[in-house]
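> Can you read through this structure? Questions will come right after.
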Amino acid sequence: HCIEETDGLIVLGDDIVQKYSDLEKIGSMAKWLDVSLSIHTPYYMDLGSDSDLAGKCVESIQNAALILNALDGDILVTSLGVYKEGQDREAVDEAIYGNLEYMLDWWSDYDIKPRLGVEITGQQDVFGSLDQILDLCKEFDGITPVVNFSHHHSRTDGSLLDMEDFIDVLEEVAPYSDGRFHLAFAGVEYADGNEKRLTPIKKGDLKFDPLAEALMDLKPDATVISTSPLLEHDAMYMRIIHERILSRKVSKMLKDKKKNEGSEASA
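Each number in this note's numbering corresponds to the 1-based position in the sequence shown with 10 added.
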């Protein structure tokens, strides 16, 4: 699509935010453009202790929450902790729960509107399996599970192969998603239950087509974030796949309808 004389052009420079009122303007602009805003915290988060590092991680999440709140965004996505060599995993989990409880109290005290999303992680030595996140959601109100399919596929040694596999995962997180799924997708290379690297979605055994079919079957309110190395390209490619499958389903439905009408007319 070429820029035409009548098009509206919005330019955001490097120094787009000087004060919170600027964030509010950007949030209003996003709503005008029908864009849902989210923030992902830094990928290394360690809330599994009471160390200074854990305190800095909590502060980082709080700062991101204040920014997203000013943007009137939807969800803040984060991971929570790492199991370091020699650490007792139960002690790490206990610290994560304690820090998360503190953070949710702060969330309420500061009237933060966006949801707090905890993402499935791609390594066995990082807190964040699907079961761990579901346990968090059962323990705390206000936690939203964020399904990173590349990470889950890696942790489970390639469990996402057909539409039913994706539906099973989506149905597990649905009770805690407030009617709005926040999902991430990319191709992935993995070994021994660990993600090695993200890839373009055409590579590897994790395919987008069955996820698109699952979303059409369930018809949820869902946002799918591209985490592919070909970020924008694969975001558009996923949209093309989704529209292609939808077109095939509509075409089949119309053919079946025409066939049934013909049978009734003959009778």
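Glycine residues also receive a C-beta, built at the ideal position from the N, C-alpha and C atoms.
So, at 7 Å on beta carbons, what are the nonlocal neighbours of D219 in its own chain, with the 5 sequence-adjacent residues on each side left out?
Within the sequence shown, residue 219 is the residue found at index 209, counting from 1. Once the five neighbours on either side are set aside, the close Cβ partners of D219 are I251, I255.
> Output the distance between the C-alpha atoms of I153 and L57, rounded to the nearest integer angstrom.
For the purposes of this step, residue 153 is taken as residue 143 along the sequence shown, with counting starting at 1. For the purposes of this step, residue 57 is taken as residue 47 along the sequence shown, with counting starting at 1. When rounded, the distance between both Cα atoms is 16 Å.
> Let me check one thing: in DSSP terms, what residues is N158 bridge-paired to?
As a working mapping, residue 158 is identified with position 148 in the sequence shown. BP columns for N158 point to A194.
> Quick check on DSSP: helix, strand or coil for V68?
Position 58 of the sequence shown holds residue 68. The answer is helix: DSSP assigns V68 an H, G or I state.
> Report yes if the CB atom of I130 is closer than 8 Å to the CB atom of L140, and no otherwise.
Your numbering for residue 130 matches position 120 in the sequence shown. Your numbering for residue 140 matches position 130 in the sequence shown. Their beta carbons are under 8 Å apart, which means I130 touches L140 by this criterion.
> Nearest-angstrom Cα distance between K94 and M263?
Counting from 1 along the sequence shown, the entry for residue 94 is found at position 84. Counting from 1 along the sequence shown, the entry for residue 263 is found at position 253. The straight-line gap from Cα to Cα measures roughly 54 Å.
> Which of the three DSSP states, helix, strand or coil, is assigned to H11?
Locating residue 11 in the sequence shown gives position 1, counting from the first residue. Low per-residue confidence applies at H11: pLDDT is 49, beneath 50, and the placement is therefore not dependable enough to give any value.
> Ignoring anything shorter than 3 residues or poking outside the region 170 to 231, list the beta strand (DSSP E) runs there in chain order.
190 to 195, 197 to 201, 204 to 209, all fully within the region 170 to 231.
> Can you say whether V102 is buried or exposed, counting buried as having 16 or more other CB atoms within 10 angstroms of its CB?
Looking up residue 102 in the sequence shown gives position 92. V102 should be labelled buried.
> Which of the three DSSP states is assigned to I251 in this structure?
One-based indexing of the sequence shown puts residue 251 at position 241. The answer is helix: DSSP assigns I251 an H, G or I state.
> How should P155 be labelled, buried or exposed, when 16 other C-beta atoms within 10 angstroms of its C-beta is the threshold for buried?
Taking the first residue of the sequence shown as 1, we reach residue 155 at position 145. P155 is buried by the Cβ-count criterion.
> Quick one, which of M173, Q133, F150, C147 has its alpha-carbon nearest S160's?
In the sequence shown, residue 160 corresponds to position 150, counting from 1. Nearest option by C-alpha distance: Q133.
> Just how far apart, CA to CA, sit L126 and V87?
As a first step, residue 126 is located in the sequence shown; it is residue number 116 there, counting from the start. As a first step, residue 87 is located in the sequence shown; it is residue number 77 there, counting from the start. If you take the alpha carbons of L126 and V87, they lie about 6 Å apart.
> Could you check if L241 is buried or exposed, using at least 16 other CB atoms within 10 Å of its CB as the buried criterion?
Translated into the one-based positions of the sequence shown, residue 241 becomes position 231. Looking at its Cβ environment, which holds fewer than 16 other Cβ atoms inside 10 Å, L241 is exposed.
> Going by DSSP, name the residue or residues bridged to L86.
Looking up residue 86 in the sequence shown gives position 76. Looking at the DSSP assignment, L86 forms a beta bridge with I49, L126.
> For S261 and L228, I'd like the C-alpha separation in whole angstroms.
For the purposes of this step, residue 261 is identified with residue 251 of the sequence shown, where counting begins at 1. For the purposes of this step, residue 228 is identified with residue 218 of the sequence shown, where counting begins at 1. Taking the straight line from one Cα to the other gives about 19 Å.
> Suppose you measure from the CA of D213 to the CA of G65; what does that come to, to the nearest Å?
Here the question's residue 213 lines up with position 203 in the sequence shown. Here the question's residue 65 lines up with position 55 in the sequence shown. Before going on, a small fix: residue 213 reads as Lys here, not Asp. Straight-line Cα distance between these residues: approximately 39 Å.
> Given this structure, state the Cα-to-Cα distance separating L171 from L208, to the nearest angstrom.
In the sequence shown, counting from the first residue as 1, residue 171 sits at position 161. In the sequence shown, counting from the first residue as 1, residue 208 sits at position 198. C-alpha separation (whole angstroms): 17 Å.
> Quick one: give me the first and last residue of the alpha helix (DSSP H) that Y30 is part of.
Looking up residue 30 in the sequence shown gives position 20. Its alpha helix (DSSP H) spans residues 30 to 42.
> Using DSSP's beta-bridge definition, name the partner residues of S236.
The residue given as residue 236 occupies position 226 in the sequence shown. F195, per the DSSP bridge assignment.
> Specify, as a first and last residue, the run of the alpha helix (DSSP H) that E104 falls within.
Mapped onto the sequence shown, residue 104 falls at position 94. Looking at the DSSP string, the run of the alpha helix (DSSP H) that includes E104 is 99 to 119.
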